[in-house]
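Just so we're aligned: 546 in the working numbering is position 108 of the sequence shown, and the numbers increase by one with no gaps anywhere.
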Amino acid sequence: MNDFIAISKANEADESKISNISFFPAIDINDVRKTQRLDGTVTTERLKTAIASAIIAVNDDLYNWRLTKQSAGITSINNLNDEQINGESKYLILYKHAVYSWANALLNEQYINFDATAKAKGEIEPNIESVGNLYRNARYAIRDILGKSRSTMELI
Numbered sequence: 439m440n441d442f443i444a445i446s447k448a449n450e451a452d453e454s455k456i457s458n459i460s461f462f463p464a465i466d467i468n469d470v471r472k473t474q475r476l477d478g479t480v481t482t483e484r485l486k487t488a489i490a491s492a493i494i495a496v497n498d499d500l501y502n503w504r505l506t507k508q509s510a511g512i513t514s515i516n517n518l519n520d521e522q523i524n525g526e527s528k529y530l531i532l533y534k535h536a537v538y539s540w541a542n543a544l545l546n547e548q549y550i551n552f553d554a555t556a557k558a559k560g561e562i563e564p565n566i567e568s569v570g571n572l573y574r575n576a577r578y579a580i581r582d583i584l585g586k587s588r589s590t591m592e593l594i
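Right under this line is the structure:
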C-alpha cells in the first residue's frame, strides 16, 4: 500500500491582485502563496476569499490610525518614510505581514473544519496551535503599526 499523496503545485498563472482602499496596497496572490508556503491544494478562489476577509479585518483594526495619517496629509502607507527596508516602508511590510498571516489563519481554520477525518484528528491539535500563532503574528504586526505594546493581558 502506498501512502504518498501528490500535492498540487500552485498555479503560477495567478497574477491577480486583491484590490484595496487607496491608502493600503493591493495584495498580490502569488506573494501570499510564496511567503505563506501555500501550495495548489489552496484554490485561487479560496485564497482570494481569505485575503479579502483578512484585508477587511486588518483595515478595521487600523481605521483610526489610517484616518490620523490621512489627516496629516499622508496618502499611502508606503509614504511613511520613517524606515525603508528593501525599498518599502516598515509599515507596508508590517501591513502585508498582518494580512498574509490573517489570511493563512483563516485558511487553516477552514482546513480543520473540512478535514476532520479520523486520520486528520491527530493533526488537528497542532493545526489549532498554528492558527493561534498566525493570528498572534497578525495582531503583533497590527500593534507594531499602531505603536502599541505586544503584551496581551487577561483577567483571571
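Beta carbons are placed, not taken as given, at the ideal position from N, Cα and C, and that holds for glycine.
Source: prediction; values computed, not measured.
| Asked | Found |
| --- | --- |
| Residues near Glu-545 in its chain [Cβ-Cβ closer than 8 Å; skip 5 each side] | Glu is not the amino acid found at residue 545; the sequence shown has Leu there. Within the same chain, Leu-545 has close Cβ partners Leu-476, Val-480, Arg-484, Leu-485, Ala-488. |
| Nearest neighbour of Ala-576, chosen from Ile-523, Ile-493, Ala-464 [CA to CA] | Ile-493 |
| Pairwise C-alpha distance: Ile-594 and Gly-525 | 44 Å |
| Residue of Asn-497, Asn-542, Asp-582, Val-537 minimising C-alpha distance to Val-569 | Asn-542 |
| Spatial neighbours of Lys-528 in its chain, beta-carbon cut-off 6 Å, leaving aside the 5 residues before and after | Glu-521 |
| Close-in-space but distant-in-sequence residues of the same chain around Arg-504 (CB under 7 Å, 5 per side omitted) | Phe-461 |
| Sub-8 Å separation of Ile-467 and Ile-456 beta-carbons | yes |
| Closest by C-alpha distance to Gln-474, when choosing among Lys-534, Gly-585, Ser-589 | Lys-534 |
| Through-space distance from Gln-548 to Leu-532, alpha-carbon basis | 24 Å |
| Start and end residues, alpha helix (DSSP H) containing Asn-468 | 467–473 |
| Contact set for Asn-571: own chain, Cβ-Cβ below 7 Å, skip 5 residues either direction | none |
| Asp-553 burial status per 10 Å Cβ neighbour count (16 or more: buried) | Because the pLDDT of Asp-553 is 48, which lies under 50, any placement of that residue in the model is unreliable, and the number read from its coordinates should be weighed accordingly. It is exposed - the Cβ of Asp-553 has fewer than 16 other Cβ atoms within 10 Å. |
| Supposed contact pair Tyr-573 and Val-470 - C-beta distance, whole angstroms, cut 8 Å | Not quite, the Cβ-Cβ distance comes to about 16 Å (not below 8 Å), so this is no contact. |
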